[in-house]
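Undergrad:
Residue numbers (the UniProt record's numbering): 1 to 63.
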């Protein structure tokens, strides 16, 4: 049987490691979401540039 002080220390260490693990997982999810948002932003910018290029080409053909 372990003394109460040792049991309390073990419980505290487990809580800390669970909190650290939760923090790391949250950080990784945030980084992944940030990268996904940047990727979508680049796709949107490329689409806008394509539409602008198409509009300029149509206008040049009309002239």
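Idealized CB from N, CA, C, for every residue including glycine.
In three-state terms, what does DSSP make of residue 3?
TA: In this structure, residue 3 counts as coil in the three-state DSSP scheme.
Undergrad: For residue 25, which three-state DSSP category applies?
TA: Residue state, collapsed to three classes: helix.
Undergrad: For residue 47 and residue 19, what's the separation of their Cα atoms in angstroms?
TA: Looking at the two C-alpha atoms, the distance is approximately 42 Å.
Undergrad: Could you check what DSSP says for residue 56 in three-state terms: helix, strand or coil?
TA: Helix.
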